[in-house]
Structures are given as structure tokens and as C-alpha cells.
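If you want this note's numbering, it's the 1-based position in the sequence shown plus 1472. We treat Cβ as the ideally placed atom computed from N, Cα and C, and that holds for glycine. Accompanying notes for the structure given below.
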Amino acid sequence: MIIGITGLNGAGKTTVVEYLEKKSFHAYSLSDILRELLRKDGKPLTREGLIEKGNEIRKRNGNGILGEMILERLQENSTHYVIDSIRHPEEVEALQSREDFLLVAVDAPTEVRFERMLERKREHETNYADILAFEKEELENEEKNKEKLVAVAKMAHIVLKNDQELDVLYKKIDRMLADLSKKYILNSSSDDHFFIEIAQVTAKQSHCL
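Below is the structure:
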């Protein structure tokens, strides 16, 4: 199973990813690819730099390139993955080439998101005016190769509302996983497939070469 995560800043995407990691999901981020490219270029790892590099690589290689690149890092087996920083519809389309992919949008009211952003005290998030201006520019940009977070959110299969305490969010994630687990088991191709997965998981516990 591959769960993609999208959402606006401060919605709680990282919190969801970290919780899924505790549930044995392997975490990847499209932004990690951009950070690697920025390091190769010797450029600072700023949010603006990540956005600029993302726009650049999409323009050069197609809007779905980051999704395609992350898929190359995933194994074709029973391992579960969570992928963060999906920011363009064509990245979603690339990831949907895997039948076990679904997109989750993490959402929270604007005032809640802004409070969270102010609390984490990042350089570009020093006051409401700065945050509003940056987000307005980010969301209203209509250039083809640039991020389209609103369009991506509309493609989500599931929306997680994160406007209460963390334990409420965790319960929502647990319910989501329980529902997905039932669907995943029902869609298993055969008993052979089921027992092969058990064997693969059991093998990971063995120290025998």
C-alpha cells in the first residue's frame, strides 16, 4: 500500500507521516529529491529554493517527474509506504500507475494552520502578513509547471481533518487504516498471495543467512 500525503502548510502533514511510520510505513518525500539536487548545486535548503527547484525540474522533465522518480525507489512487494510533499496533479497521476496508491489530504482551518506555523518559528513564517502573502502567491499561481496544491487536494481519496488534539487525529488515522486494511485484504488476488506475504514478513525477523 502506498499512501500519498498532501495539504497546505501547517495542516499537519508531517505529524501524519510520523504516525504512519510508527505503523511500519516507510516514509519518502518528493522534497527529499529536491534537497538532493540543491545539495549537488551547492545551494541552501530553503523553502523558496525547494519550490524554485521543483518548478525547474518539472519544466525540464515534465510535471510528473518527481512522482516517477520516487516510484523508482519503491520495491514491488508487500512493504507499505507513505509519500509526502505531493504538490502537482501530474505527480498524483504518476503515482496512480501503482494500483495500491491512494492520496490523503490533511486539512485544517486557516487560523489553526497559521498558529502552528507561527509556533514553529521558521524564517518566512514570522507574522500573519508574511504567511498570507506567501500562501496567496503560492496558491494563485497558474503557470503550468508550478505547484498546484488546491488541484492536488481535490484529487484526494480521503480527507483527514486535523483541527483538534493529536489523539483525535491519531484515532482518525487508525480508523482509516482499519478501513483500508479490510479493503486491501478483500482485494488480495489469492490465498497463495496472502501466505507469500506472511512468509516475506516472517523472513525479515530471521537472522539465518
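Practice prompt. Determine the DSSP secondary structure at S1569, reduced to helix, strand or coil.
Written response: Here residue 1569 corresponds to residue number 97 of the sequence shown, with the count starting at 1. Of the three classes helix, strand and coil, the one that applies to S1569 here is coil, per DSSP.
Worksheet item: Which stretch, first to last residue, makes up the alpha helix (DSSP H) that contains A1625?
Response: Sequence index remark: in the sequence shown, residue 1625 carries index 153 (1-based). Looking at the DSSP string, the run of the alpha helix (DSSP H) that includes A1625 is 1621-1626.
Worksheet item: So what's L1480 in DSSP terms, helix, strand or just coil?
Response: If you number the sequence shown from 1, residue 1480 lands on position 8. DSSP places L1480 in coil when its eight states are reduced to three.
Worksheet item: Looking at the structure shown, is I1555 part of a helix, part of a strand, or coil, going by DSSP?
Response: Counted from its first residue, the sequence shown places residue 1555 at position 83. The answer is strand: DSSP assigns I1555 an E or B state.
Discussion item. Would L1502 and S1557 qualify as a contact pair, given that the criterion is a beta-carbon distance under 7 Å?
Written reply: Against the sequence shown, residue 1502 aligns to sequence position 30. Against the sequence shown, residue 1557 aligns to sequence position 85. The answer is yes: Cβ separation under 7 Å.
Item to complete: Taking K1633 as part of the beta strand (DSSP E), name the residues at either end of that continuous run.
Response: Position 161 of the sequence shown, counting from 1, holds the residue named residue 1633. Looking at the DSSP string, the run of the beta strand (DSSP E) that includes K1633 is 1630-1633.
Worksheet entry | Complete alpha helix (DSSP H) runs within the region 1483-1542 (minimum length 4 residues, chain order) | 1485-1494, 1502-1513, 1519-1533
Practice prompt. Going by CA-CA distance only, name the one from K1644, D1513, R1592, I1475 that's closest to K1633.
Written response: As a working mapping, residue 1633 is identified with position 161 in the sequence shown. With distances taken between Cα atoms, K1633 lies closest to K1644.
Worksheet item: Is it true that the CB of A1577 sits closer than 7 Å to the CB of G1482?
Response: Taking the first residue of the sequence shown as 1, we reach residue 1482 at position 10. Taking the first residue of the sequence shown as 1, we reach residue 1577 at position 105. No, the Cβ-Cβ distance between G1482 and A1577 is not below 7 Å.
Discussion item. Quick check on the burial criterion: 16 or more other C-beta atoms within 10 angstroms. Buried or exposed for N1535?
Written reply: The residue labelled residue 1535 in the question sits at position 63 within the sequence shown. Buried, since its Cβ has 16 or more Cβ neighbours within 10 Å.
Item to complete: List the DSSP bridge partners of I1475.
Response: The count along the sequence shown starts at 1 and reaches residue 1475 at position 3. Paired residue(s): V1554, L1574.
Discussion item. So if DSSP puts D1579 in a beta bridge, which residue, or which two residues, is it bridged to?
Written reply: Locating residue 1579 in the sequence shown gives position 107, where the first residue counts as 1. Bridge partners of D1579: K1633.
Worksheet item: How many Å lie between A1625 and D1513 at the Cα?
Response: For the purposes of this step, residue 1625 is taken as the residue at position 153 of the sequence shown. For the purposes of this step, residue 1513 is taken as the residue at position 41 of the sequence shown. Those two C-alpha atoms are separated by around 31 Å.
Worksheet item: Is it buried or exposed for I1668, if we count other Cβ within 10 angstroms and need 16 for buried?
Response: Looking up residue 1668 in the sequence shown gives position 196. With fewer than 16 Cβ atoms within 10 Å of its Cβ, I1668 is classed as exposed.
Item to complete: Would you check if the distance between the CB atom of L1492 and the CB atom of V1564 is smaller than 7 Å?
Response: The residue you call residue 1492 lines up with position 20 of the sequence shown. The residue you call residue 1564 lines up with position 92 of the sequence shown. Contact: no.
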